[in-house]
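Colleague: Structure below; questions to follow.
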Amino acid sequence: MPQLLPSLTPKGAKKSDPHGRRKNAARKHHKKRKKHHKKRHHVKHHVPPPSVPPRPNPNPGGGSLPPAPDLDHRNAERLLWRAGFGPRPGDLDAVVATGLDATVKSLVYPSGSATLNGPQPTDDDGNALAPADAWGHDHLWWLDRMVRSDQQLVERMTLIWHDWFATSNDKVSDQQLMLNQNATFRANALGSFKDLLTAVTTDPAMLIWLDGIENTRWDPNENYGREVMELFTLGADRGAYTEQDVRELARALTGWRADWTDGVGYGNFRFDPDWHDATSKTIFGQTGNFDWQDAVRLCLANPFHASFFVTKLWGYFVPTPPDSATQAALQKLYLDSGYGIAPVVGAILRHPDFYADRALVKPPVVYNAGLLRLLRRGVDTTAWAWLGSQAGQQLFYPPNVSGWDYSMWLDTSTWKARSDIVTYAVRDAAIDPWSNSTHYSTTESPTDAVAAALAFLSGPTLTDETRKALGDFSGSCLPSPMADWEQSPYRAMRQNALRHLVLTSSDWQAN
Amino acid sequence: MRTPRNTANCCRDFTRTELFRQASAQAGRGLPPIEPGMPAPAGTGLNRRSFLARGAGLALSVYGAQRLGFRALEEGVAAAAAAPPQPVLVSLFLPGGCDGMSVLAPVGDPAYASLRPTLKLDPSAGTAFLEDARLRWSPAAAGLSTLHGEGKITVFPAIGYDHPDQSHFTSRHFWEVGALDTTARFGWMGRYLDLAGSEANPLQGLSLNGDLSPALAASRVPVAAIEKPEDYSFWIRGVDDPVLEPTLEAFGALGNLPTSDAVRAGARQVATEVDTVRRSLAPFATSDGSPSYKSPVTYPDSDLAKKLAGLAAMLDAGLPLRCVAVDADGAFDTHSNQASGLPADLQTVCDAVLAFQRDVEARGIADRVLITMWSEFGRRPQENGSGTDHGAGGTAFVVGSRAQGQMVGEFPGLAQLDPEDNLRSTSDFRALYCALLEQWLQFDPSGVIPGAGSFSPPAVVKS
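Chains as they are written, first to last, in our numbering: chain A, 1 to 511; chain B, 1001 to 1463.
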């Protein structure tokens, strides 16, 4: 979850939530079908609605969007990193030539299905991946799509939905179900949020993750009913819903069940009218014999939904909150289009705030995929799975139902993992200082060395101070004097070091 | 990734278990979901932060206390160090299921020779075990034999629990959590620290293994692992001496650059901390591998010996340790080639323990520390040709100047085995834990060990 909106991110509330670590307990429970359902303990107190307009204000008034900026080299770099997984060599020039309008349009409204350019992903021995079966291959399989897909925004949006509807295989325990959910995210990545929410509500992985299959008319389980409002559609502590609404919504969502087979897992997910509570419920002040489809409809029709949706989505792209005119315009686009995702994302990608000089830390998997794209390397090692885990983002294993904490990507452990990712990524690209066949320059100057490193990395935008510090390093890192035999290998090392320093610099980690 | 040694002789389950645990520890998340029903190791899911305890000169991985900033942890360590010294308990684990009959060989038992035709100890080898004429210390356990002769070891010749589980994973988990409970998520020492420890001193529960030890996993208070020096050494492809060191220093230089952007500033702050952690020396060795402290005794050359030597130095320096966990070198899952592999691994452990005891004696701190040596189970009395398979009753030892020195539970003999032909247990590991809590840590075991009241704690500590 992006850290933009404090009112939407109940800090600490999810930390102690046992979601995702109840695999065995869930199974036992399923087998026994206990009479008294054990309530999940949410460490949260009910807070009355604030007297000032809650953030985000559900009714920001009217407003229009400011004109889009020009797409220069810097802005093109920003666009390809935040709406995808970074540029491949040559991409920036092509995008600048295409212009902003046409580029955003092609990102937001891609035609047909995606093409994956480049060789198929493999493990270290050249074998095809087994994403449904082998540990870590699910991560690799998706990382490969991020690297190779020509529909970059579709993959990036799929990643956002994976965080928004954060489901972990820690509890689901079925990689195929996780892949199926991933396909649902991708198919609806830029379509209608209503279709997406409808599909997610009955998605088998989600039915396991938030106990939809435990939610019966005899023993209502509030897990999904609460999270669908708090994290997926409305936001906590805004006055959008009451605790009574949570209970009533949970009853509306009853009826989904599955069969457990030892050694196989859950299967045969289905709606069973006998398990559904068909009696009357009152939700958001409306009364009826609501079912799960009504639950989805009522959440989306809640007057607090559009403001939640556009501000949360904005937070994945821009580190500062939208001004009220922008928020109003985005809400209008969203509602006028019938919960359209593409119009809102398109407007964000054209907004001047998107291009402002304010950094966002790249999520670890974006960092990793971007490196591979830059180096024109495919997925050919399983190292990315454990490196991703060490860097704090193993795909299909978000830490809890509120997703990854986007304000906590970097610490001394994850930073080192990113440095290790660079070392693994340049496996074939690094210069061998001691090679007999290639002989690195014996005369390259410190300034030329920095220029060569930046050219090798397709000229990333760096801050002035970082550029100067690289120059200082380049001028001071070699011993002086050097013997003749040291001139070439030490300069080759300096070149490798400069590239590594650029790729681990704060300017490259966060931009 | 650390892989178990001598895996060729281990059962597949043991190797796999070790790898899963490593992967899980690295991920800081749950286990790979391959083994339904396998208990998740205690502490699974606890996030890890690298923390430099400057006052202590230690680079740590801290687990828990996510709310506390590093400054609060620094202060917590300092406050705990200023308090009077506490007794320290060291849990030394022999992974894989150590063959107790190869530590204390029942050479005087009539069935021994027929059950162990190739592995049996020569009746004249090793040293006599003075508490039971049927048993002999194997030569590899000479270190323990010496300490036993000095009255510094309480021996459990057949320890275990009823209805023994012969899965490495499950039985180890039981020992780690101090209960026969596959769903328990916190270690027995971690639960003790939750009740008796500090909210801000991660050194109170210290793993010397480089990652969180499940027995130390706590729910409320922070615990820590010593960062393995190699865990925080940077490898930059194509960069070696003499360019490597300036490059690593440049991490810090780039991190120190000023910027007005808050996110960029945060990223730079982390780079600066990376440089600081990297420069700090591990307590066991400087960056060139030599110890950064002086030991008053000579230790044998092994990883465990280095860790214990560092531990003695830390205790002597007054670091506020209370529970320590360390794994022995070697793999004790000796399904095959036991005769050629086990003695060396066993001797490595016993020699290191003897050296540690001599070290703390020389430093005058021997009254403050007690080691409890254990393994998840013993091995089957009937050998399988070249090794032994998973058994039940095993051996445990409480080692230290304050150890009671009298055997707990008798050796049950080989004439009557349990229904699965394994050694019967004559003591329960939970009773041992209750005794350690009560007699050594001076803490009521009833809040720590489930069902503590049903065990009669044996005397393991001199009163």
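Note that the Cβ used here is the ideal one computed from N, Cα and C, for glycine as well.
(1) In three-state DSSP terms, what is B/M1373?
(2) Taking buried to mean at least 16 other C-beta atoms within 10 Å of its own C-beta, is A/W141 buried or exposed?
(3) Establish whether the CB of A/A430 and some CB of chain B are separated by less than 7 Å.
(4) Could you tell me whether the Cβ atoms of A/V296 and A/T216 are closer together than 7 Å?
(5) I need the straight-line Cα distance from A/R238 to A/S407, nearest angstrom please.
(6) Please confirm if B/V1155 has its CB atom under 7 Å from at least one CB of chain A.
(7) Anything in the segment 1251 to 1263 of chain B with a Cβ closer than 8 Å to a Cβ of chain A? List those residues in chain order, please.
(8) Excluding five sequence neighbours on each side, which residues of the same chain lie with their C-beta closer than 7 Å to the C-beta of B/G1413?
(9) Is there a C-beta anywhere in chain B that falls below 7 Å from the one on A/A26?
(10) Sort B/A1072, B/A1080, B/I1153 and B/Q1086 by Cα distance to B/R1368 and report the nearest one.
(11) Answer with yes or no whether the minimum CB distance from B/R1172 to chain A is below 7 Å.
(12) Tell me, please, whether the segment 475 to 487 of chain A touches the segment 454 to 464 of chain A by the rule of three or more beta-carbon pairs shorter than 8 Å.
(13) Report yes or no: is there a C-beta of chain B within less than 7 Å of the C-beta of A/S435?
(14) Residues of the segment 1129 to 1160 of chain B in Cβ contact with chain A at a cutoff of 7 Å, in chain order, please.
(15) Quick check on DSSP: helix, strand or coil for A/R376?
(16) Please report the straight-line C-alpha distance between B/R1424 and B/C1098, rounded to a whole angstrom.
(17) Would you verify that the beta carbon of B/E1376 is, or is not, closer than 7 Å to some beta carbon of chain D?
(18) In three-state DSSP terms, what is A/D432?
(19) Is it the case that the segment 142 to 159 of chain A contacts the segment 71 to 84 of chain A, given that we only count it when at least three CB pairs across the two stretches are under 8 Å?
(20) Under three-state DSSP, which class holds B/H1163?
(21) Counting only beta-carbon separations shorter than 7 Å, does A/D497 have a partner in chain B?
(22) Can you pull the chain A neighbours of B/W1175, defined as C-beta to C-beta under 9 Å?
(23) Where does A/W256 sit, in a helix, a strand or coil, going by DSSP?
(24) Tell me the DSSP bridge mates of B/I1226?
(25) Could you tell me the distance, in whole angstroms, from the CA atom of A/K44 to the CA atom of B/G1149?
(26) Taking only beta carbons into account, state which residues of the segment 454 to 482 of chain A come closer than 9 Å to chain B, listed in chain order.
(27) Which ranges would you report for the beta strand (DSSP E) in the segment 136 to 183 of chain A if only whole runs of at least 3 residues count?
(28) So is A/V264 buried or exposed if we call it buried at 16+ other beta carbons inside 10 Å?
(29) Would DSSP call B/G1190 helix, strand or coil?
(30) Out of curiosity, what's the CA-to-CA distance linking B/A1140 and B/D1301?
(31) Please list, in chain order, the residues of the segment 121 to 155 of chain A that have any C-beta partner in chain B closer than 9 Å.
(32) Is it true that the CB of B/A1224 sits closer than 7 Å to the CB of B/G1187?
(33) Which whole-angstrom value describes the C-beta separation of A/V95 and A/A76, a residue pair presumed to lie in contact below a C-beta threshold of 8 Å?
(34) Just the C-alpha distance for B/G1266 and B/L1104, rounded to the nearest angstrom, thanks.
(35) Check whether chain B comes within 7 Å of A/A510, counting only Cβ atoms and requiring the distance to be less than that.
(36) What separation, rounded to the nearest whole angstrom, lies between the Cα atoms of A/P110 and B/S1233?
Modeller: According to the structure data:
(1) Here residue 1373 of chain B corresponds to residue number 373 of the second sequence, with the count starting at 1. The answer is strand: DSSP assigns B/M1373 an E or B state.
(2) As a working note, residue 141 of chain A is residue 141 in the first sequence. Buried is the call here.
(3) For the purposes of this step, residue 430 of chain A is taken as the residue at position 430 of the first sequence. Taking Cβ atoms only, chain B reaches closer than 7 Å to A/A430, which makes this a yes.
(4) Here residue 296 of chain A is taken as the residue at index 296 of the first sequence, counted from 1. Here residue 216 of chain A is taken as the residue at index 216 of the first sequence, counted from 1. No, the pair does not count as a contact, with Cβ atoms beyond the cut-off.
(5) On the first sequence, residue 238 of chain A is found 238 positions in, with the first residue counted as 1. On the first sequence, residue 407 of chain A is found 407 positions in, with the first residue counted as 1. Answer to the nearest angstrom: the Cα atoms are 22 Å apart.
(6) Along the second sequence, one-based indexing puts residue 1155 of chain B at 155. Output row for B/V1155: interface = no.
(7) F1251, A1253, L1254, G1255, L1257, P1258, T1259, D1261 and V1263
(8) Counting from one through the second sequence, the residue named residue 1413 of chain B turns up at place 413. Cβ neighbours of B/G1413 beyond the five flanking positions: D1109.
(9) In the first sequence, the residue the question calls residue 26 of chain A occupies position 26. Per-residue confidence for A/A26 stands at a pLDDT of 36, beneath the threshold of 50, marking its modelled position as unreliable; the derived number appears in the next sentence. With 7 Å as the cut-off, A/A26 does not count as an interface residue toward chain B.
(10) For the purposes of this step, residue 1368 of chain B is taken as the residue at position 368 of the second sequence. Selected option, being the one with the closest Cα: B/Q1086.
(11) Sequence index remark: in the second sequence, residue 1172 of chain B carries index 172 (1-based). It does not: the Cβ of B/R1172 has no partner Cβ on chain A nearer than 7 Å.
(12) no
(13) Taking the first residue of the first sequence as position 1, residue 435 of chain A is located at position 435. Taking Cβ atoms only, chain B never reaches closer than 7 Å to A/S435, which makes this a no.
(14) none
(15) As a position in the first sequence, residue 376 of chain A is number 376, starting the count at 1. Three-state result, A/R376: coil.
(16) Within the second sequence, residue 1424 of chain B is the residue found at index 424, counting from 1. Within the second sequence, residue 1098 of chain B is the residue found at index 98, counting from 1. Between B/R1424 and B/C1098, the C-alpha separation is close to 15 Å.
(17) Looking at the structure shown, chain D is missing, and the protein chains on hand are A and B.
(18) In the first sequence, residue 432 of chain A corresponds to position 432, counting from 1. In the structure shown, A/D432 sits in coil (DSSP, three-state: anything other than H, G, I, E or B).
(19) yes
(20) Position 163 of the second sequence, counted from the start, is the residue given in the question as residue 1163 of chain B. Correct three-state label for B/H1163: coil.
(21) On the first sequence, residue 497 of chain A is found 497 positions in, with the first residue counted as 1. Position check: residue 497 of chain A holds Ala in this sequence, whereas Asp was assumed. True, the Cβ-Cβ gap to chain B drops below 7 Å.
(22) Position 175 of the second sequence, counted from the start, is the residue given in the question as residue 1175 of chain B. Here the premise fails: no neighbours, minimum Cβ distance about 19 Å.
(23) The residue you call residue 256 of chain A lines up with position 256 of the first sequence. Looking at A/W256 - three-state DSSP - the assignment turns out to be strand.
(24) On the second sequence, position 226 is the one that residue 1226 of chain B refers to. DSSP, once it has assigned bridges, lists B/L1060 as partnering B/I1226.
(25) For this step, residue 44 of chain A is matched to residue 44 along the first sequence. For this step, residue 1149 of chain B is matched to residue 149 along the second sequence. Note that A/K44 has pLDDT 35, beneath the 50 cutoff, so the model's placement of it is unreliable and no number is given.
(26) T463, E465, T466, K468, A469, L470, D472, F473, S476, C477, L478 and P479
(27) none
(28) On the first sequence, residue 264 of chain A is found 264 positions in, with the first residue counted as 1. Its Cβ having fewer than 16 others within 10 Å, A/V264 is exposed.
(29) Here the question's residue 1190 of chain B lines up with position 190 in the second sequence. In the structure shown, B/G1190 sits in a helix (DSSP, three-state: H, G or I).
(30) Position 140 of the second sequence holds residue 1140 of chain B. Position 301 of the second sequence holds residue 1301 of chain B. Cα-Cα distance, rounded: 16 Å.
(31) W135 and G136
(32) Here residue 1187 of chain B refers to the residue found at position 187 when the second sequence is read from its first residue. Here residue 1224 of chain B refers to the residue found at position 224 when the second sequence is read from its first residue. Not closer than 7 Å, so no.
(33) Reading the first sequence from its first residue, position 95 is the one you call residue 95 of chain A. Reading the first sequence from its first residue, position 76 is the one you call residue 76 of chain A. Indeed they touch by this definition, with Cβ atoms about 4 Å apart.
(34) Residue mapping note: residue 1266 of chain B aligns to position 266 of the second sequence, counting from 1. Residue mapping note: residue 1104 of chain B aligns to position 104 of the second sequence, counting from 1. Using only the alpha carbons, I get a separation of about 58 Å.
(35) Stepping through the first sequence from its first residue, residue 510 of chain A is reached at position 510. Closer than 7 Å: yes.
(36) Residue mapping note: residue 110 of chain A aligns to position 110 of the first sequence, counting from 1. Residue mapping note: residue 1233 of chain B aligns to position 233 of the second sequence, counting from 1. Looking at the two C-alpha atoms, the distance is approximately 44 Å.
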